[in-house]
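For reference, the structure discussed in these notes is given below.
Residue numbers (our numbering): 1170 to 1233.
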């Protein structure tokens, strides 16, 4: 009984740490590049480029 309870508590603690570690990684952030890269065909005539990131991964989100 005690061993099962300890295993359950250890499992809950491990899952809690795993779930909250991504929350501690930080909020999403944006990178604004000015001037835009004229050699990139997608951004050739753009005034600036805005990129959104979440935990270091490039995300496709609408910035308002």
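All C-beta atoms, glycine included, are put in the ideal place defined by N, C-alpha and C.
Per DSSP, the beta bridge partners of residue 1220 are 1200. In the three-state DSSP reduction, residue 1211 falls in the helix class (H, G or I). A straight line joining the alpha-carbon of residue 1221 with that of residue 1172 spans about 47 Å.
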